[in-house]
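Participant: Numbering (the numbering used here), first residue to last: 2 to 100.
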Amino acid sequence: MTNETELLQAVQQLADKDVAPFDLQIDRQAKLPNGLFQKIVDLGLLRAKIPKEYGGLDVSAQTAGLALLGPFDLIFIGATIADYLRDRKFNSGKQKQGN
């Protein structure tokens, strides 16, 4: 992304293509479709406020808010990220125990 306008346009395209067609499924299952979280990561939304010298996008608070609150539901995204991290931690081979 070269500027904040391009980020917002990319977020809107992602929402139109990969979120809107599955909105009922996402609501009912409380789960993102396969690959959507990675697309959000690839777009840079999780590093929107991180300075560029540290690999972030360093966008304004307004743009970061619009990117997350516009086409996405921040609470759902937060819950999904928490689920992803929990599953990653607790479903790794080290944590599993034979029953």
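Idealized CB from N, CA, C, for every residue including glycine.
#1: Measure the Cβ-Cβ separation of L8 and L44 and say whether it is below 9 angstroms.
#2: Just how far apart, CA to CA, sit V12 and A31?
#3: So G36 is in the alpha helix (DSSP H); what residue range does that whole segment cover?
#4: Taking the CB atoms as reference points, tell me whether A49 and G57 lie closer together than 9 angstroms.
#5: Take the Cβ of L33 as the centre, count every other Cβ of all protein chains shown within 10 Å, and call the residue buried at 16 or more, exposed below.
#6: Quick check: the Cα distance between I51 and D59, rounded to an integer number of angstroms?
Facilitator: This is what the structure gives:
#1: Position 7 of the sequence shown, counting from 1, holds the residue named residue 8. Position 43 of the sequence shown, counting from 1, holds the residue named residue 44. Yes, Cβ-Cβ distance for L8 and L44 is below 9 angstroms.
#2: Here residue 12 corresponds to residue number 11 of the sequence shown, with the count starting at 1. Here residue 31 corresponds to residue number 30 of the sequence shown, with the count starting at 1. A direct Cα-to-Cα measurement between V12 and A31 gives close to 20 angstroms.
#3: For the purposes of this step, residue 36 is identified with residue 35 of the sequence shown, where counting begins at 1. G36 -> no alpha helix (DSSP H), and no H or E assigned at all.
#4: Taking the first residue of the sequence shown as 1, we reach residue 49 at position 48. Taking the first residue of the sequence shown as 1, we reach residue 57 at position 56. A contact, by the Cβ cut-off of 9 angstroms.
#5: Taking the first residue of the sequence shown as 1, we reach residue 33 at position 32. With 16 or more Cβ atoms within 10 Å of its Cβ, L33 is classed as buried.
#6: Translated into positions along the sequence shown, residue 51 becomes position 50. Translated into positions along the sequence shown, residue 59 becomes position 58. Going by the C-alpha atoms only, they are around 5 angstroms apart.
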